[in-house]
Each structure stands twice: as structure tokens, then as C-alpha cells.
Amino acid sequence: MRYYRPTTTAEAVAALAGEAGTARVLVGGTDLLVALRHRTVEPSLLVDIKRVRDLRPPIDVESRAITFGPTVTMSAVAADPTVREWFPSLAEAALVVGSVAIRNRASLIANSANGSPAADTAPPLVALDASVTIASTSGERTVRLRDFFLGSRRTLCGPGEMVTSLRVPRPADGSSSCFLRMTRRRGVDLATVSVAAVVERDGRATAGLGAVGPVTLLGGPTGPVALWSEAEVENMVDELLSPATPIEDVRAGQTYRAAMLRVLARRAVLCAAGRRDAREPIRLTQEGDS
Amino acid sequence: MTEHASRTEVSTTTIDDDRAMTGAPLDSDAAGAMAVALAGGERTTGDGDQAHHVGTSVLRYGGADRVTGKQKFLSDLTFPDTAHVALVTLPVACATITDVRTAAAAVMPGVLTVMSAADLPQPMPRFGVSHQDRPVIADGQVRFHGEAVAAVVAETLDQAEAAARAVEVSYEETDGVFDLDQATAPDAALVVDPSARPADDEHRESNILETALYEWGDVATAAAQAHVVVENTYTFPMVTHFPIEPGGTVVTPTEDGGLEVHSPVQHPYLLQRTIATLLELPLAKVRVFAPDPGGAFGGKQTPKFEPLLAFLALKTGRTCRLVLSLEQTFQTMRRAGCRVVARTGFTADGCLVFHELECDYLIGAYADVAPRVMTKGSYVGAGPYRIPHVRTASRAVMSNTTPSTAFRGFGCPQVAWATESQLDAGARELGLDSLEIRRRNLIHRGEAFFRGPYEATADGDWHQSLEKAAELIGWDTPLPAGRGRGIAVAIKPGATSGLSQSLVRFLADGSAIAYAGTSDMGQGARTLWQQIVADELGTGLDKVTVVSGDTGVVPFDLQTSASRSTVFMGNAVLDACRDIRRRILSLYADSTGSEEDTLSEAPGLLVTPEGPLPLLEASRIALGSLGGEFVGQGIARMRGRKGHPLGGDAAFYEFNCTAIEVEVDLDTGELLLHKHISVSDVGTELNPTQVVSQDEGASIMGLGHSQMEQLLLDDRGLIRNLGALDYRIPTFKDVPIELVTHGIENHDGPGPYGSKGISEGALLCTAGALGAAASQATGVVIRDLPLTPERVWTALQQALDQTTT
Chain D
1 MRYYRPTTTA
11 EAVAALAGEA
21 GTARVLVGGT
31 DLLVALRHRT
41 VEPSLLVDIK
51 RVRDLRPPID
61 VESRAITFGP
71 TVTMSAVAAD
81 PTVREWFPSL
91 AEAALVVGSV
101 AIRNRASLIA
111 NSANGSPAAD
121 TAPPLVALDA
131 SVTIASTSGE
141 RTVRLRDFFL
151 GSRRTLCGPG
161 EMVTSLRVPR
171 PADGSSSCFL
181 RMTRRRGVDL
191 ATVSVAAVVE
201 RDGRATAGLG
211 AVGPVTLLGG
221 PTGPVALWSE
231 AEVENMVDEL
241 LSPATPIEDV
251 RAGQTYRAAM
261 LRVLARRAVL
271 CAAGRRDARE
281 PIRLTQEGDS
Chain G
1001 MTEHASRTEV
1011 STTTIDDDRA
1021 MTGAPLDSDA
1031 AGAMAVALAG
1041 GERTTGDGDQ
1051 AHHVGTSVLR
1061 YGGADRVTGK
1071 QKFLSDLTFP
1081 DTAHVALVTL
1091 PVACATITDV
1101 RTAAAAVMPG
1111 VLTVMSAADL
1121 PQPMPRFGVS
1131 HQDRPVIADG
1141 QVRFHGEAVA
1151 AVVAETLDQA
1161 EAAARAVEVS
1171 YEETDGVFDL
1181 DQATAPDAAL
1191 VVDPSARPAD
1201 DEHRESNILE
1211 TALYEWGDVA
1221 TAAAQAHVVV
1231 ENTYTFPMVT
1241 HFPIEPGGTV
1251 VTPTEDGGLE
1261 VHSPVQHPYL
1271 LQRTIATLLE
1281 LPLAKVRVFA
1291 PDPGGAFGGK
1301 QTPKFEPLLA
1311 FLALKTGRTC
1321 RLVLSLEQTF
1331 QTMRRAGCRV
1341 VARTGFTADG
1351 CLVFHELECD
1361 YLIGAYADVA
1371 PRVMTKGSYV
1381 GAGPYRIPHV
1391 RTASRAVMSN
1401 TTPSTAFRGF
1411 GCPQVAWATE
1421 SQLDAGAREL
1431 GLDSLEIRRR
1441 NLIHRGEAFF
1451 RGPYEATADG
1461 DWHQSLEKAA
1471 ELIGWDTPLP
1481 AGRGRGIAVA
1491 IKPGATSGLS
1501 QSLVRFLADG
1511 SAIAYAGTSD
1521 MGQGARTLWQ
1531 QIVADELGTG
1541 LDKVTVVSGD
1551 TGVVPFDLQT
1561 SASRSTVFMG
1571 NAVLDACRDI
1581 RRRILSLYAD
1591 STGSEEDTLS
1601 EAPGLLVTPE
1611 GPLPLLEASR
1621 IALGSLGGEF
1631 VGQGIARMRG
1641 RKGHPLGGDA
1651 AFYEFNCTAI
1661 EVEVDLDTGE
1671 LLLHKHISVS
1681 DVGTELNPTQ
1691 VVSQDEGASI
1701 MGLGHSQMEQ
1711 LLLDDRGLIR
1721 NLGALDYRIP
1731 TFKDVPIELV
1741 THGIENHDGP
1751 GPYGSKGISE
1761 GALLCTAGAL
1771 GAAASQATGV
1781 VIRDLPLTPE
1791 RVWTALQQAL
1801 DQTTT
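These protein sequences, in sequence, are chains D and G.
Under the working numbering, the letters of the first sequence match residues 1 to 290, in that order.
Under the working numbering, the letters of the second sequence match residues 1001 to 1805, in that order.
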């Protein structure tokens, strides 16, 4: 295995193209280095892009969107005031990835775009209708994250390509979002199931669903719902969860996972709804290292 | 049978977890007494303004290095000319090995040797504490997932691992038994072929390795006297120790044909003896260095890969190094899972009439110390209660799973889970409060919890712990909505026999070196020796150095286990200090021409007719102008007791009361612990901070098996959650909102200054307290651990289904 540290995006994608799918992009390394040690991936080349000078800046706030670069860390995402205001669900998800040390190193783009169905940041980004830009030697293309995931660890980012930016549109006025996940313990853990809900001013909702299918799933958008009506919320939850296909694994049985998906979806919808007009500051719990 | 008739049987030779290490026959002397009077712990006073370090929270000896990363663990040690070892394992739990082809691997770059069973002496050398059943390397069969079939030694670890992947093993997977139902089925596949077991072993055609029976009174007829009888089955999962340092071994051949073995073990002297026996070397040519273990919890007691590394080192003539991964430690140590069928009778006012237990421990593929875990754990299975009729029948059942071994609590938490839950089941039937039913049944000092000729009685005022825990949790205060409270008690026998020795050198400048073989694995044992030596010799803490972890220079200590070190090694260190004082007195008399009987000694002092002299000054006068030093020897020995089911009376009991207040999320089954109180009967706190840290650590560890920890196997016996990703232990974020520990001090222990052993007590009954609290909060009783959110939620759903149908 060789190690290469390019200084331009062109060099990086050229290196990737030269390896016919056996190269891996290295950013934070929090996922890749573990895989290397366990030999679950055995690349021929590591392309470390942290010294690439023409990357998008970590966080670029524009009037109608935030664009993230490949080197933005979970800690930076969670601490950014605009992210917290516009995308509380994304900040909440970024705050539960790994531990403090991991979050200081882990890349948002790598976490959300590596195709793990349990990735914490993918559900909020899918629900918020983020899009990714993919670069290769033949140029750039931009796709919605909703269309990006093909299967577990399989995405539209093919051999010779890398994701160079992630754009999340500013949510409509009067909407808000919430991310909830279930884990086996309170300390560092992987999601057994996760839900990110976006609720619009008029009561329409969209949900990103994690760890309940081969890819991060999109539920909704639903029609407007009277959120004070328990029956209507239940119907909305039914609709949001219709794409989910929870299975049994070492983390949970199928029945429990399905039931918890429902509990979290209901709670996330009501939480997001409650955040819409109150204009109260979003309280984010700082996750400690443990 | 009359009420006090008693029968105690252990089916085969009783193996003491202490005695087992010495291999000594039971001492036929009368009731054991230690060389140092165990009760002789009262602090001598009259030492004027001597500083007292004992009883204060002095900083941990070596603690700064440990927390700053300066401490060198095994994997931090470097050795010249080291070769690296990689193990070959199979993706099966149970198989017959038909062929191991090593030729291709042997010629790979850097490879020094490849070893499998065929390369070892025949018959295969085997070792073990209670049964010598463990082969140095898999011998014709794999009995559990992860058992090493071959080992490669190469110049680099990468080369060794590459060659290990090139070793070809032909095998046929065979039927195995992975849980108690399978292992005890009439047609169960046998882990050990009957031909390998003694002809007169009545269990040789089954997976039962050993049994124990403790019985007094007559449970059969006692049921008629009971107002309420409750019968339930409880299970306790297989859990692994998860020391943060996985550990490993480095073995160096010496020029004189001996071996130096570096291994972070709790029992350097057992390892020394095992290696010497297997390699047919004199003990003096096997030197064991035991760097401080980074956590052990019982899992680093018995030898594991050290014999294999010793053979590899001798074959290659090179230093051989094996550092385990966390996954490999999962496959070398765990606690026995357990199923307990309990039947318990109470009078109308909640007094225990009888208690009947059938305890099956799932011990795994080799015996290790598991038979002793079974006998010792179920010995106190009926709990610290006044029960006229008891029958406890236990079995150690083999299985094709990781061999189980000693683990903090040593077989007691498994049965305490059942017994404490039965107390609460009785209380619910009778409409009694959980605290009240324990008040009525918990014995007072001197009362027997184990009856018959080997009667065992309460060695503390245990009601004080119960009442203190109730007070600290606010048992009488109103319970907030959605919450439940539980309270539980349990005991564990301390060490029952064994020898600890110490040497202390009192140097010319008043500094001192204590040689004490206790392994410091995080409990802070060395701090106590430093405190004792400083007080007894009247010197400063910073002038006392402790040497441990080297069988070449430190005298024999049986082991670091059973919470014995404070009592046994503590007494040995104390004895060594007093030996120094007596030697100073004697030489002082000689040097000054005074009569010995005009002199006396006290901590830090020689008392002369002219007044007290600081010990250092007295020693200088005694030694004269050429100087020198004094060497004191200390011995603490406790003999066994012939016929005793444990081989001897316990030197002390660890008693604990735990109370927990929990809130349950009824939608998800998640538990939120608001309060967790742990009160232990500790005798005397030699270092209060260390007592707290041990009790806090044990409490949190107890929450592990109570809430989340379990080894999950697939239907072929492979560990599904092999590694930190899916085997979950509590983190600091899982700790209760309020965790309070408290020590009851009556200065009534057999250790120095009235101390008792501690550090296991606080996890004995965590599960019982949590289970009762969760039951009260939910109205649902769960009898299987751990209480995962999924299990709690499922139980709630089942209860809901039953009420709606």
C-alpha cells in the first residue's frame, strides 16, 4: 500500500483514476484506519487530500445554502452557529458521532457519503435535501443525496471519483428539524435506529431514516398534518416510515427495531414541530467523550 | 433429617482458588490460623507525633505515571532482537483437525518457525489449575472459537501475520454445545471425550465436569411450613472481562538454558511454576516479570499463551513477543454464564423458611478455575440470611465456548441475582417492602448463614450497611412518578488459605524498600504497602519504594486474587516492619550493652529507658560506624481446614448492600439510573480514596452485566459481538446521575489495623437492586440479564398483550 499526498484536486482525482478502484481517499481516517487495521479494506493507494489547496473551505455560508468542504469536522459542524440555527438536526447528529476525539478528526462528508446505512449524519442531510458534488478527471457532477446511495457501502461516487462538496439548502422560513437515535448505551455507540425529521410551517414533514434499510432512506414528504391530532400524527408517521425495512442484527431484533423507529419518528416529528415557531434557542447537549 | 443435620459434598477434589495455585495437600492441622495472628490488626499507639499515613487518602503509588501514559505496559516494553508471533485460528467453534500444513508458511520471508501440535512433545503437554486439561496448542481438535491451531514466529509482525494466513488447516466442523440447554441435553455432543476422563468419574458420559451440594435442614418437608412459596428461573449472561490493556507475553531464552517470561499477570508465581513444570526447568531458571496489568479483574490469573511462547522461544532461541488484540482477549477470558432454578418459602411475616437452588454454570471448553468458581460462588448462594432449610445443588457444565475463569465476584453475582430476586418475589407476594423483608432475614454478627459442621457466620455488623444504604437512597421518601427503587445484599467469601511473604529493607538513611509480590493492576496495592511501611518505620511516604512483579527478587506470594492482598500481603508487610524493629532493638541492646528487656519498640520508635528514639537514630547507633541496613521478613499464612467444602474458612467476607433508583422509558425500555448507592463492610479504610475508587469501579462494572453486557453467539458457536464495536460496557455517560459509595468501618477485619479485603463487594448484588427497581417502575418482573432496553420493552409488550387478551 502506497501513500500519496497531492496538493491539487486535479492531482488527487488523477491518482484515483490511475488505480482502477483500488485507491481510497483519506481525510480524518477515523473509519479508514480502523478498516485498514482489521484488513476489511486493502487499498493499493491512500490519497490523503488534507493538503489539497483548492478544496472548498470547510464551511461556506451563503444566503440560501451552506456548502461544506471535505475537511470539515463533526466538531466544526456542531459548533457552527448558522448550522445550529438552520439545521439543528444536523448539529445533533454531528454531536453523537463517536467521541470528542473522533469528532475533532472525522469528516462530515466522509461520514455521510461513505454509504453506511447507520451513518449518523446521513438521515438529517437526506431529509434536508442536501446534494453532493462528485469530481473526477472528466469533471464535476452534482447529485441529490437522496439519489446518491445505491446500497450498503455503494454510492454514485464510483472508482476514480471523490466527493468534493456537500451543499445543504437553507430551510424554508417556519420549518425546523430534529434528529434522534437509539443506541445500546449512552456512551459512544452506533445507531440501532435513527430518524431525522423536518417539519414545515404548514405541518408537512420529511424524514431521513437510518439503520432500517440497506441505505439511508427518505420518508415523505407528507401532506400538511394537524400536529395536535394524535391520529393525524400517527398516520403521518405511517407514511414517513413506509420505506423502512428493518431487519434483525447483533444490535437489535427486527420487532424492537421497527417499534423504536416508530417511537423515534413520532418524537422527532413533534420535537421538530415544537421548534418551528417558538424561536427558542435550540439546546444541544454537548456529548462528552467516554 | 433434623434441622441442623448437614451434608456437604463436592464431587471431586475441592480445588481452592488459592490452594489450587500451590497444589499443596489440605493441611490436616486443626482450624487454620495464619502465622501472623489475623486478628492482630489493632493499631499500636504511643508513637507520639509520628505521621499517620494509614487511613488517609495519600496519592496512588505510580498513579501519575499511570494517568499520564508514562507507565510502561507490556506492549510498551522493547527487547533486543525480538521475533514476533502470530496465531492461526479457525472460523469455527468446534472441529476435528485433520491436517495442518505449514510448509508454505515456513518458507515465507522472515519466518523463523511454524509450530503446531505435531511440533510439540507427545503426549501434548497440558496445564491447568484444577485439571491439567489445556493443551499448549490445539491438539487434534478445536474446542472453542479462537483456540489457536498453529503459531508462526517471524522477524516482523507483518511477516508473521502473512505467514499465519498461509498456514493451511484441514478440519471437519463437528457438533458443539454452546448454551446450558444444549450442554445438558441427554444426547448432547460431549466437549471432552469420555476416554479422556477418569474411569470412576460418574459424569464422564456428560458435559458435567464437577458438582457441589450444600444442604442443611430438610427442604422437602419445609415447604409445608411455608405460607408462601415462590419458584422461578434466573439467567446470567456470559460476559468478558474487557481489561483495557489486552495483554500479551514476551519470552526470552537465557544463556543458561532458562527463560525470562514477561506477562502482565496476577499470579507471577503460578506462571513460574507452570512454565517450569511444562518445560522441565528448575523454578530458579524461570524468571517471571509481571509488568503492571492494565486491568485484570481475574482474567489475568491463569497462564494462557505463555507456555506456547516458552516453547517457541526455546525452539527459535529468540525473544518471542505476542501482544493480544482486544478480540483475542475476548477469546481467552470470560465469566461463567449461569442459570439458577430457585424455590423459596416464607412465613406469613416474611421470614425465610427454606431456599432451594439448582445452579448450572456454563464454564466453557477447559476447566481453568471454573470448578472452584462454581463451588465457591454457590457456597454463599443462599445469601447472608437466616434460613433453617437450604439445599444448593450446583454443576459446572462444559461447553464449546471461551473457557471461563476467575472474574471479580467469583461465581457469587450469578447466584445473588437469583436469591435477591427471590426475596423480592416473596416480598411482593406478601405485600412487604423490599427493605423490610431483608431486615427480617439478614443475620447479625455471629449468626450462621451456612450451617452444619463447617458453619460459617457473619463476621460483621451487616445490618449497618443495609440501613446506611436505605438512608442514603432515601428509602422512606416519596418515590417520584415513573421510578422504582430496589435494594439488595450479598456476600462473597474472601481467600481461604495461602501464603504471602514480604521482605522490607530499612536502609541507612531511613528510606525503605518493600518487596511484595502483589500485582498492582489498578487497585493501588503498592500504595498501601508504602503507607504501612512509612507508619511502621517512621519514615516518609516518598522514602518508601515498592518492588513487585519479578520472581527473581521478590519472595513468593500466592496470588493477587480473592481481594486477599490487603489482608494477606498487608499483614506480611506489617510483620516485616515489626521484624525490623525487633532486629533493631536486639542489635541496639548488643551495641550499647543494655538489656533487651529494658527496651521496647513501637511504630517508628525504639523506646529506651532514656526515652523514645526515632527508629532511624536507633538503627544508626545499633549498626555503628560502618553502617548497613536491616532486613525484615514478614509472613502471612492461613492454613486450610480438612473437610471444609472450600478447603478452609474464609479469612473474611465481603458484604455489600446496593440500592438503586431507576426511571424507565416505557416506550423504549431504556433505563435511567437516578441514584445508585453502594455500601460495603470494609473493616478499616487504609486509603479512603482507593476504597471509593474500587467500590465505584465495581458498581459500574456491575451495571455492565446488569444492563448491557453479554457475549452473543451464533448457532455454530462463533462470537457475534467479538470486539468493542458490538460488545458494550458502561462508559462514564452510562454512570448513574448520582453514584454514592460508603464504607462501614468497625475495625473488625483480619488485615492490618482491622481492615478487610474489598473491591468485589460492590458488584455482587447490583443486578438484584436494579432488577427490583425496574420491576417496581414497570410492574413487570424480568429474570434474565442483562436488562437491555430491548428486553425491558419486550417484557412490557408481553405484559400489555396479556392484559389486552
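Cβ atoms here follow ideal geometry from the backbone N, Cα and C, with glycine treated the same way.
Note that the coordinates shown come from a computational prediction; the quantities given were computed from them, not determined experimentally.
Taking the alpha carbon of residue i as the point to measure from, which residue in the options has its own alpha carbon closest?
i	options	result
G/Asn1400	G/Ala1284, G/Val1192, G/Val1553 and G/His1463	G/Val1192
G/Asn1746	G/Glu1738, G/Val1740, G/Ala1348 and G/Ser1755	G/Ser1755
D/Arg266	D/Ala12, D/Gly219 and D/Thr245	D/Gly219
G/Ser1075	G/Gly1723, G/Val1251 and G/Trp1793	G/Val1251
G/Val1780	G/Cys1765, G/Thr1788, G/Leu1796 and G/Pro1786	G/Leu1796
D/Pro259	D/Ala268, D/Arg251 and D/Pro246	The sequence as given places Ala at residue 259 of chain D; Pro does not occur at that position. The shortest C-alpha separation from D/Ala259 is found at D/Pro246.
D/Ser63	D/Ser138, D/Pro117, D/Ser152 and D/Pro169	D/Pro169
G/Val1373	G/Pro1384, G/Thr1392, G/Arg1343 and G/Thr1405	G/Thr1405
G/Glu1654	G/Leu1785, G/Ala1514 and G/Asp1459	G/Asp1459
G/Thr1752	G/Gly1570, G/Glu1617 and G/Leu1281	Before going further, note that residue 1752 of chain G is Pro rather than Thr in the sequence given. Out of G/Gly1570, G/Glu1617 and G/Leu1281, G/Gly1570 has the C-alpha closest to the C-alpha of G/Pro1752.
D/Tyr4	D/Ser44, D/Val27 and D/Asp48	D/Asp48
G/Ile1813	G/Leu1090, G/Asp1081, G/Phe1407 and G/Leu1180	Outside the shown range of chain G, which is 1001 to 1805, sits residue 1813 of chain G, and nothing can be said about it.
D/Asp249	D/Asp277, D/Ala191, D/Glu230 and D/Arg276	D/Ala191
G/Gln1301	G/Pro1125, G/Leu1585 and G/Ser1519	G/Ser1519
Which chain G residues sit within Cβ distance under 7 Å of residue i?
i	result
D/Val250	Leu1712, Arg1720, Asn1721 and Asp1726
D/Gly253	Glu1790
D/Met260	Thr1668
Under 8 Å Cβ-Cβ, which residues of chain G neighbour residue i?
i	result
D/Val193	What D/Val193 touches in chain G: nothing, since even the nearest Cβ is about 10 Å away.
I want to verify the contact list: residues of chain D whose CB lies under 7 Å from the CB of residue i, in sequence order.
i	result
G/Glu1601	Chain D residues near G/Glu1601: none, gap ~51 Å exceeds 7 Å.
Run through chain D and tell me which residues come within less than 8 Å of residue i, C-beta to C-beta.
i	result
G/Thr1731	Arg185, Arg186, Gly187, Val188 and Ser290
Under 8 Å between beta-carbons, which chain B residues line up against residue i? List them in chain order, please.
i	result
D/Val263	Annotation note: the requested chain B is absent from the structure, which comprises protein chains D and G.
For residue i, return the contacting residues in chain D, with the cut-off set at a CB-CB distance below 9 Å.
i	result
G/Thr1794	Gly253, Thr255 and Tyr256
G/Asp1734	Arg185, Arg186, Gly187 and Ser290
Taking C-beta pairs closer than 9 Å, name the residues in chain G that residue i reaches, listed in chain order.
i	result
D/Met182	Thr1668, Glu1670 and Pro1789
Stretch-stretch touch, CB-based, cutoff 8 Å, three pairs: the stretch 88-97 of chain D with the stretch 120-134 of chain D: As far as the Cβ criterion goes, the stretch 88-97 of chain D touches the stretch 120-134 of chain D, which means the pair count is three or higher.
Looking at chain G, which residues of the stretch 50-80 of chain D have a Cβ within less than 8 Å of any of its Cβ atoms? Flagged: no residues at all.
Please name the residues in the stretch 24-38 of chain D whose beta-carbon is closer than 7 Å to at least one beta-carbon of chain G, in chain order. Flagged: no residues at all.
Within 8 Å, do at least three Cβ pairs link the stretch 174-189 of chain D to the stretch 135-143 of chain D? At 8 Å Cβ cutoff, the stretches do not touch.
Determine, using beta-carbon pairs with one atom in the stretch 1542-1555 of chain G and one in the stretch 1486-1495 of chain G, whether at least three such pairs fall under 8 Å. Flag = no, the stretch 1542-1555 of chain G and the stretch 1486-1495 of chain G do not touch.
Could you tell me which whole beta strand (DSSP E) segments of length 3 or greater appear in the stretch 1544-1581 of chain G? 1544-1547, all fully within the stretch 1544-1581 of chain G.
Taking 8 Å as the cut-off, does the stretch 1734-1741 of chain G touch the stretch 1368-1388 of chain G (at least 3 CB pairs, one atom from each stretch)? Segments in contact, no.
Quick check for students: name the residue ranges of the beta strand (DSSP E) that lie wholly in the stretch 1696-1753 of chain G, counting only runs of 3 or more. Whole beta strand (DSSP E) segments, 3+ residues: 1738-1744.
Pairs of beta-carbons, one from the stretch 1213-1229 of chain G and one from the stretch 1351-1368 of chain G, closer than 8 Å: are there three or more? The stretch 1213-1229 of chain G is in contact with the stretch 1351-1368 of chain G.
Short of 9 Å Cβ to Cβ, which residues in the stretch 1689-1710 of chain G face chain D? Listed by position, the residues of the stretch 1689-1710 of chain G near chain D (Cβ gap below 9 Å) are Gln1707 and Met1708.
Answer yes if the stretch 1715-1722 of chain G comes into contact with the stretch 1761-1780 of chain G, meaning at least three C-beta pairs across the two stretches below 8 Å, and no otherwise. No: the two stretches stay apart, fewer than three of their Cβ pairs being nearer than 8 Å.
List in chain order: all unbroken alpha helix (DSSP H) runs of 4+ residues lying wholly within the stretch 1448-1509 of chain G. Segments of the alpha helix (DSSP H) lying fully in the stretch 1448-1509 of chain G: 1462-1473.
Completely contained beta strand (DSSP E) runs for the stretch 1356-1403 of chain G, where each covers 3 or more residues: Restricted to the stretch 1356-1403 of chain G, the beta strand (DSSP E) segments that are unbroken, complete and at least 3 residues in length are 1389-1398, listed in chain order.
Any chance the stretch 1288-1295 of chain G sits against the stretch 1233-1248 of chain G, with 3 or more Cβ pairs inside 8 Å? A contact exists between the stretch 1288-1295 of chain G and the stretch 1233-1248 of chain G.
Could you tell me whether the stretch 1076-1095 of chain G touches the stretch 1159-1178 of chain G, where touching means 3 or more Cβ pairs closer than 8 Å? Short answer: they touch.
Would you list, in sequence order, the uninterrupted alpha helix (DSSP H) runs of no fewer than 4 residues that lie entirely inside the stretch 63-101 of chain D? If we require 4 residues or more, the alpha helix (DSSP H) runs fully inside the stretch 63-101 of chain D come out as 74-79, 81-86 and 88-94.
Examine the Cβ distances between the stretch 1426-1444 of chain G and the stretch 1342-1354 of chain G and report whether three or more of them are shorter than 8 Å. Between the stretch 1426-1444 of chain G and the stretch 1342-1354 of chain G, the count of C-beta pairs closer than 8 Å reaches three or more; the two stretches touch.
Within the stretch 191-220 of chain D, note down every full beta strand (DSSP E) run reaching 3 residues or more, in order along the chain. As for any beta strand (DSSP E) of minimum length 3 sitting wholly inside the stretch 191-220 of chain D, the runs are 193-199, 205-210 and 217-219, ordered along the chain.
To test your reading of the DSSP string, which unbroken alpha helix (DSSP H) runs of 4 or more residues are found completely within the stretch 1040-1123 of chain G? Here the runs fully enclosed are 1063-1068 and 1103-1106.
With a threshold of 8 Å, are at least 3 pairs of Cβ atoms found where one atom belongs to the stretch 1682-1697 of chain G and the other to the stretch 1052-1062 of chain G? Enough Cβ pairs lie closer than 8 Å, so yes.
Taking 8 Å as the cut-off, does the stretch 1300-1315 of chain G touch the stretch 1524-1537 of chain G (at least 3 CB pairs, one atom from each stretch)? Flag = no, the stretch 1524-1537 of chain G and the stretch 1300-1315 of chain G do not touch.
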